[in-house]
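Asks: Starting off with a structure, shown below.
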Amino acid sequence: MKKLSTLLTIGLILSSVGSFAQTYCASVYQQSIFEYIYQVNFSTISNPSGNSGYSDFTGLDTTDVKLNLTYTLSVGVLKFPSNLSTTHVVAWFDWNQDFDFDDPDETYYLGTTIPTASLSLDITVPETAVLGETRMRISVNRGSQPEPCYVPVLQT
């Protein structure tokens, strides 16, 4: 079994705080008043969150997943005040545990939303995934697709 720990973006600010000896890059977004992640579901993880501007759940939420099995990732995005701009939702899994999200099979684009919505995507754990703790990062960005280590330009 493979153990996943979540690094969840709330208010679009990510950090790499956790129990890993190495660190992950940070990602920053300063306009969480416009949109933020309010819920993440993946395997047994069901994590509600609020508009705190930053959240790191690596120490709280973990789940066991198996190689070659498919799990649904669902990310709820709340938008204020019925913001008409397009919000992009992306998740990353560091399957090879090399402390980055640069490998081709680690990026999962869930899509875009204009109103408040929940976007879902089926994710198959690769057969080549390294067993042990694996970081999951989720981010949303208004106007363009976020990067895992990214400080976005604000869109109005």
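Per my numbering, the very first residue in the sequence shown carries number 643; after that it's consecutive. We put the CB at the ideal spot given by N, CA and C, even for glycine.
#1: May I ask which residues mark the beginning and end of the beta strand (DSSP E) holding threonine 704?
#2: Near threonine 758, what residues of its chain come up, given a Cβ to Cβ distance below 6 Å and the 5 sequence neighbours on each side ignored?
#3: Any idea if arginine 784 is buried or exposed, counting beta-carbon neighbours within 10 angstroms, 16 or more meaning buried?
#4: Cutting at 7 Å between CB atoms, please list the residues of its own chain near leucine 726, excluding the five before and the five after it.
#5: Would you mind reading off the limits of the beta strand (DSSP E) that contains aspartate 764?
#6: What does the alpha-carbon distance come out to for the pair tryptophan 801 and asparagine 689?
#7: Report the three-state DSSP secondary structure of glutamate 769 (helix, strand or coil).
#8: Going by DSSP, which residues form a beta bridge with alanine 668?
#9: Looking only at C-alpha atoms, which of Phe684, Asp742 and Asn738 sits nearest to threonine 665?
#10: Out of Thr705, Thr766 and Glu677, state which residue places its alpha-carbon closest to the alpha-carbon of valine 731.
#11: Which two residues bound the contiguous beta strand (DSSP E) that contains threonine 755?
Replies: Taking the definition as stated:
#1: As a position in the sequence shown, residue 704 is number 62, starting the count at 1. Taken as a continuous stretch (DSSP letters only), the beta strand (DSSP E) holding threonine 704 covers 704-707.
#2: Within the sequence shown, residue 758 is the residue found at index 116, counting from 1. So the qualifying residues of the chain are Leu720 and Lys721.
#3: One-based indexing of the sequence shown puts residue 784 at position 142. Flag for arginine 784 reads buried.
#4: Here residue 726 is taken as the residue at index 84 of the sequence shown, counted from 1. So the list reads Ile756, once near-sequence residues are dropped.
#5: The sequence position of residue 764 within the sequence shown is 122, counting from 1. Annotation: the continuous beta strand (DSSP E) that includes aspartate 764 extends over 759-766.
#6: Because the chain spans 643 through 798 in this model, residue 801 falls outside it and cannot be assessed.
#7: Taking the sequence shown and counting its residues from 1, one reaches residue 769 at position 127. The three-state reading of DSSP puts glutamate 769 in coil, since its state is none of H, G, I, E or B.
#8: Position 26 of the sequence shown, counted from the start, is the residue given in the question as residue 668. Bridge partners of alanine 668 according to DSSP: none are assigned.
#9: Numbered from 1 along the sequence shown, position 23 holds the residue referred to as residue 665. Selected option, being the one with the closest Cα: Asp742.
#10: Numbered from its first residue, the sequence shown carries residue 731 at position 89. Selection Thr705, Thr766 and Glu677 evaluated against valine 731 yields Glu677 as nearest (Cα-Cα).
#11: For the purposes of this step, residue 755 is taken as residue 113 along the sequence shown, with counting starting at 1. In this chain, the beta strand (DSSP E) harbouring threonine 755 covers 749-755.
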